[in-house]
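J.:
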Amino acid sequence: PTRSTAQRTRAVQHNTRAAASRNTRDYPIWSFTTEEEPIVYYDLDISVAGNGTTDPAPGLYQEVYEAGDTVTITATADLNWQFDHWMINDIQVDENPYELLMNEDKVVVAHFSEIPPEEYTLSVDKLGEGMIYLNESVDPLILPFEELIEEDTPIHLFAEAAEDWEFAHWMVNETRVVVTDNPYEFI
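Numbering (this note's numbering), first residue to last: 104 to 290.
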């Protein structure tokens, strides 16, 4: 990493009169100037992995932060994403917001991860004789059937009665909620 040093100097004129006699016109004048110490700046390079943003915004900040400054960095996730962690000079930090001490050049990456959709168990079985098809598959389900289904997944169930049998109804969530639609579609 490179360290940026800018020197701000302020010449200050100091006049001193030596007290050699009581007559102020006889005092010699001594002049000197002083300069302030150079100011050291450190670079801050912020980027994002995943979907979200940061404050300060992603970018390279040069000659903005002096040595010893503290910068509050905050990560904000986009919809259906979550803040996971910071990587700061290859060190993982989980705190958000985070108070970042500028004591060297900093490379900061805000990591976001997608929030996994909720999953629900779809259980299908039958009473009687016939076949059940899921989502227009050409192959019938092997019953009893159970599978995790992501939230908002459209479900299409079709019951085909065996010879000498007829479809009666679907019983939902093991209750007496009766659905007579065939096919039965829901989300």
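Every residue gets a Cβ at the ideal spot worked out from N, C-alpha and C, and that includes glycine. If you're wondering where the values come from, they're calculated on a predicted model, not measured in any experiment.
1) Could you give the residue range of the beta strand (DSSP E) that holds K209?
2) Is it buried or exposed for D255, if we count other Cβ within 10 angstroms and need 16 for buried?
3) Bridge partners of D158, per DSSP?
4) Under the DSSP definition of a beta bridge, which residues are partnered with L225?
5) Any idea if F186 is buried or exposed, counting beta-carbon neighbours within 10 angstroms, 16 or more meaning buried?
6) Under three-state DSSP, which class holds G233?
7) If we ignore side chains and look at the alpha-carbon of each, how far apart do V211 and I290 end up?
8) Taking only three categories from DSSP, how would you classify E273?
9) Please report how far the alpha carbon of G162 lies from the alpha carbon of P257, in whole angstroms.
10) Classify S240 as helix, strand or coil using the three-state DSSP reduction.
11) If you check the beta carbons only, do G153 and T179 fall under 8 Å apart?
12) Helix or strand or just coil, what does DSSP make of W268?
13) Between I191 and W184, what straight-line distance do the alpha-carbon atoms span, to the nearest angstrom?
14) So A152 is in the beta strand (DSSP E); what residue range does that whole segment cover?
15) Could you work out which residue in D181, K209, P200, L182 is closest to I194 when comparing CA atoms only?
T.: Let me lay it out:
1) Taking the first residue of the sequence shown as 1, we reach residue 209 at position 106. Counting along the chain, the beta strand (DSSP E) containing K209 begins and ends at 209-217.
2) If you number the sequence shown from 1, residue 255 lands on position 152. Its Cβ having fewer than 16 others within 10 Å, D255 is exposed.
3) Your numbering for residue 158 matches position 55 in the sequence shown. Beta-bridge pairing links D158 to T177.
4) Here the question's residue 225 lines up with position 122 in the sequence shown. Answer is E250, bridged to L225.
5) Sequence index remark: in the sequence shown, residue 186 carries index 83 (1-based). With 16 or more Cβ atoms within 10 Å of its Cβ, F186 is classed as buried.
6) Translated into the one-based positions of the sequence shown, residue 233 becomes position 130. In the structure shown, G233 sits in a strand (DSSP, three-state: E or B).
7) Numbered from its first residue, the sequence shown carries residue 211 at position 108. Numbered from its first residue, the sequence shown carries residue 290 at position 187. Each residue's Cα considered, the two are about 41 Å apart.
8) What you label residue 273 is simply residue 170 of the sequence shown in a count that begins at 1. The sequence given here places Trp at residue 273; Glu does not occur at that position. W273 falls in the strand class under three-state DSSP.
9) Here residue 162 refers to the residue found at position 59 when the sequence shown is read from its first residue. Here residue 257 refers to the residue found at position 154 when the sequence shown is read from its first residue. G162 and P257: Cα-Cα distance of roughly 42 Å.
10) As a first step, residue 240 must be located in the sequence shown, where it is residue number 137. Three-state DSSP puts S240 in coil, outside helix and strand.
11) What you label residue 153 is simply residue 50 of the sequence shown in a count that begins at 1. What you label residue 179 is simply residue 76 of the sequence shown in a count that begins at 1. For G153 and T179, no; Cβs fall outside 8 Å.
12) In the sequence shown, counting from the first residue as 1, residue 268 sits at position 165. Three-state DSSP puts W268 in coil, outside helix and strand.
13) On the sequence shown, residue 191 is found 88 positions in, with the first residue counted as 1. On the sequence shown, residue 184 is found 81 positions in, with the first residue counted as 1. About 21 Å.
14) Numbered from its first residue, the sequence shown carries residue 152 at position 49. Going by DSSP, A152 is part of the beta strand (DSSP E) stretching over 142-152.
15) For the purposes of this step, residue 194 is taken as residue 91 along the sequence shown, with counting starting at 1. Cα-wise, what sits closest to I194 is K209.
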